[in-house]
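One structure is given below, encoded as structure tokens.
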Ligand code: B12
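Residue numbers (the numbering used here), protein chains in the order written: chain A, 51 to 511; chain B, 2 to 255.
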């Protein structure tokens, strides 16, 4: 496997990071550039459940969605847009469905581009169909279908390939509900990383062959699960100071996609993306205050700080008073981008970035660690041991805890619960071995005995 | 880089409403007085499985009846954990870890007495077909076990057929179903009609991201509930004889 590890930061200084600019912009689709000096909306949608009954109905649904979005973009005068089609299961399990839909969407996009010159591109995020009922089956038959599906969308119109991969998920689910910090580190930092590396080597190959973009992954299945269980300020399901551990470790995990050939833009729901941008310089997509249609979070403005694409995560296609849902959210996103782009044109990008960031900086420990200066510090902790997937994950977690600890001496207020959980996490992290192999063996043994559905062969063991 | 004092731009309500006492201090006041039982309850609170077994053994050595220890000691400890969780003083993993220690303890007591323990009632839980979002369900089942119910957990992505078979086999007091996707939740309706076809009137409590009260109200056995923590309360109400109509009055909030 051809993997290039990151052992130093792409940006020399966090002050250099800003929205709309990346060190390695991506050109794709119809004349679109990402991270090359402007931001664009990335509109994401889900078909109505009834449309999933047949391929024909689904194709028609996506045609309507595509036309609706582009029509609205043109009507309100927005220069660029990305459409993200997140597959419903049938589209990945039947590769020709996904392919036909990509082709149908791309055809409409081309018409709009030809007629109006609107810059646009299509991202396809495939469903990770490797999550079986009994246990994950990461390298068996579902893997082959998944890759076939990537081939087909790549050759039928998709400009960018993505996935929200599931590696390590079943171990993580158990670990997070038991406050098991070594388990969290193992599931995301080791198992997640190994799987990301494995699939992205192949996705990158497919992208290259078809001359499309291997965009990137997200740790939705683990770090976002933690974030959702953690919930709002008053929820007591998981300490938010525990959720930061999962988030910090998700960065070296999602990083593995870029080490295996992906070039960005990272997936919208990867809240770890600011860290990844700091390390790699690739453009990133983010979601926040304009993805409240999909979920609530505690950093709606802050995540905009360094975005290159700005997304709504997902909205079901249906009517609203202001048009269809995709038109309403597409318009909201594009107005946000228009504001960011104006700040860039006027020379106020950094001031604007700071305002976005500071408005949520102290809202929660989870936002605090992702503020671009802190995200950068976590990045440094990762690349320090960039060649060791265990140490870099552990470093990231420790650094996140230290950042919050330091923050709590200043403006970041923590509850007693959060303080206790932070102290506990820090203590456990420091007690862990420095030896990757020792750690892996220990955790493999533990989960093999304690978890019936754990299958080491999913990770090449 | 700009920085501000956030006092005027946001409120950390979790810090603002925080209790003065630590959970350990509150628990200390709630533990039973009988020393032997107190140790078991404390071990459950601390979620220490070895400690639970050890303290149970000590209590048995002091003449306590193993089977009675389940309700008089293990459940008492767990009740304290639940009370503190309901009172926003503990986090969910604390409950899960304690519940596991308690379950371990129940097994030990059953073994020691050679008799079966009478649970408060039996409940079947599952995630609908096509859906693998199962963390919510895991939470629901733990909270039910924590309140003394026996849970038959069918897992995720469970076909309607299997749910019906399990209900017929287990004869539960209620069924809990989880669905997180609009595309999968229609399976609740099929379960409802298949149960009615077989004249089974067991309440089907439905929850999870995509599910709404309006949707659940469309089928006869359906009861909607948002918060996992309310599920044991529903089970308690069923034991008190509430039918679906009364349950809806009590638990439908919208
Ligand atoms: C984490 C997550 C995942 C994880 C799941 C991990 C796991 N083991 O559960 C993974 C990565 C596997 C995943 C996969 C997918 N996901 Co997903 N996922 C989420 C996410 C971000 C959070 C869900 C979560 O864990 N919440 C935390 C838990 C604790 O909450 P909960 O399950 O709702 O449970 C609580 C309550 O609802 C309640 N409860 C639960 N069950 C019950 C039962 C009863 C009886 C009661 C009373 C209460 C109750 O108690 C719990 C505690 O409070 C949601 C976003 C969202 N807004 O929900 C999307 C979301 C549910 N996923 C979505 C999608 C589309 C998918 C995929 C299809 C993506 C893809 N293309 O691959 C796949 C589906 C695979 C499949 N076949 O199921 C969509 C669904 C859209 C729709 N059509 O409705 C959502 C809404 C995201 C979005 N906005 O697009 N996902």
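All C-beta atoms, glycine included, are put in the ideal place defined by N, C-alpha and C.
Every value quoted in this text rests on a predicted model; they were computed, and no experiment measured them.
Can you list, in chain order, the residues of its chain with a C-beta nearer than 8 Å to that of residue i? Leave out the 5 residues immediately preceding and following it.
i: residue 302 of chain A; result: 239, 243, 432, 439, 442, 443 and 446
i: residue 511 of chain A; result: 494
i: residue 359 of chain A; result: 84, 89, 90, 91, 92, 132, 315, 318, 333, 334, 335 and 336
i: residue 223 of chain A; result: 275
i: residue 236 of chain B; result: 121, 122, 124, 145, 148, 150, 174 and 175
Which same chain residues end up closer than 6 Å to residue i when comparing Cβ atoms and leaving out the 5 residues on each side of it in sequence?
i: residue 86 of chain B; result: 96
i: residue 462 of chain A; result: 412 and 418
i: residue 384 of chain A; result: 91 and 128
i: residue 76 of chain B; result: 149
i: residue 156 of chain A; result: 172 and 207
i: residue 486 of chain A; result: 438 and 440
i: residue 115 of chain A; result: 95, 367 and 376
Starting from residue i, trace the beta strand (DSSP E) in both directions and tell me its first and last residue.
i: residue 22 of chain A; result: Look at the range of chain A in this structure, 51 to 511, and you will see that residue 22 of chain A is not part of it.
i: residue 131 of chain A; result: 130-136
i: residue 336 of chain A; result: 335-337
i: residue 515 of chain A; result: Any question about residue 515 of chain A goes unanswered here, given that chain A covers just 51 to 511.
i: residue 170 of chain A; result: 169-176
i: residue 465 of chain A; result: Counting along the chain, residue 465 of chain A falls outside any beta strand (DSSP E), and DSSP gives it neither H nor E.
i: residue 212 of chain A; result: 210-213
i: residue 82 of chain A; result: 82-86
i: residue 483 of chain A; result: Counting along the chain, residue 483 of chain A falls outside any beta strand (DSSP E), and DSSP gives it neither H nor E.
i: residue 185 of chain A; result: Note, residue 185 of chain A: premise wrong, no beta strand (DSSP E); not H, not E.
i: residue 266 of chain A; result: 263-266
i: residue 14 of chain B; result: That residue, residue 14 of chain B, is in no beta strand (DSSP E); its alpha helix (DSSP H) goes 14-17.
i: residue 76 of chain A; result: 71-78
Starting from residue i, trace the alpha helix (DSSP H) both ways and give me its first and last residue.
i: residue 308 of chain A; result: 290-309
i: residue 240 of chain B; result: 232-240
i: residue 145 of chain B; result: 136-147
i: residue 192 of chain A; result: 191-204
i: residue 17 of chain A; result: This structure does not reach residue 17 of chain A, given that chain A is present from 51 up to 511, and the question cannot be answered.
i: residue 30 of chain B; result: 24-31
i: residue 109 of chain A; result: 105-126
i: residue 118 of chain B; result: Per DSSP, residue 118 of chain B belongs to no alpha helix (DSSP H) and is neither H nor E.
i: residue 243 of chain A; result: 243-259
i: residue 145 of chain A; result: 145-166
i: residue 392 of chain A; result: 375-396
i: residue 41 of chain B; result: 36-47
Could you name the residues of the same chain whose beta carbon sits closer than 7 Å to that of residue i, not counting the 5 residues immediately before and after it, in chain order?
i: residue 123 of chain A; result: 131, 168, 380 and 384
i: residue 423 of chain A; result: 64
i: residue 270 of chain A; result: 214 and 319
i: residue 75 of chain A; result: 83, 84, 85, 86 and 333
i: residue 158 of chain B; result: 128, 130, 131, 132 and 133
Is the beta carbon of residue j closer than 9 Å to that of residue i?
i: residue 376 of chain A; j: residue 119 of chain A; result: yes
i: residue 391 of chain A; j: residue 85 of chain A; result: no
i: residue 374 of chain A; j: residue 355 of chain A; result: no
i: residue 32 of chain B; j: residue 104 of chain B; result: no
i: residue 387 of chain A; j: residue 362 of chain A; result: no
i: residue 328 of chain A; j: residue 425 of chain A; result: yes
i: residue 173 of chain B; j: residue 223 of chain B; result: no
i: residue 98 of chain B; j: residue 290 of chain A; result: no
i: residue 352 of chain A; j: residue 300 of chain A; result: no
i: residue 326 of chain A; j: residue 276 of chain A; result: no
i: residue 109 of chain A; j: residue 150 of chain A; result: yes
i: residue 177 of chain B; j: residue 241 of chain B; result: no
i: residue 287 of chain A; j: residue 204 of chain A; result: no
i: residue 305 of chain A; j: residue 509 of chain A; result: no
i: residue 293 of chain A; j: residue 273 of chain A; result: yes
i: residue 211 of chain A; j: residue 174 of chain A; result: yes
i: residue 61 of chain B; j: residue 13 of chain B; result: no
i: residue 247 of chain A; j: residue 56 of chain A; result: no
i: residue 129 of chain B; j: residue 185 of chain B; result: yes
i: residue 182 of chain B; j: residue 206 of chain B; result: no
i: residue 233 of chain B; j: residue 145 of chain B; result: yes
i: residue 254 of chain A; j: residue 177 of chain A; result: no
i: residue 57 of chain B; j: residue 116 of chain B; result: no
Please check if any C-beta of chain E sits within less than 9 Å of the C-beta of residue i.
i: residue 23 of chain B; result: Any reference to chain E falls outside this structure, whose protein chains are A and B.
Unbroken stretches of the alpha helix (DSSP H), 4 residues or longer, contained in the region 151-223 of chain B: Taken in chain order, the unbroken stretches of alpha helix (DSSP H) that lie wholly in the region 151-223 of chain B and span 4 residues or more are 161-171, 188-198 and 214-217.
In chain order, what are the residue ranges of uninterrupted beta strand (DSSP E) at least 3 long that sit wholly in the region 67-110 of chain B? You should have found no qualifying run.
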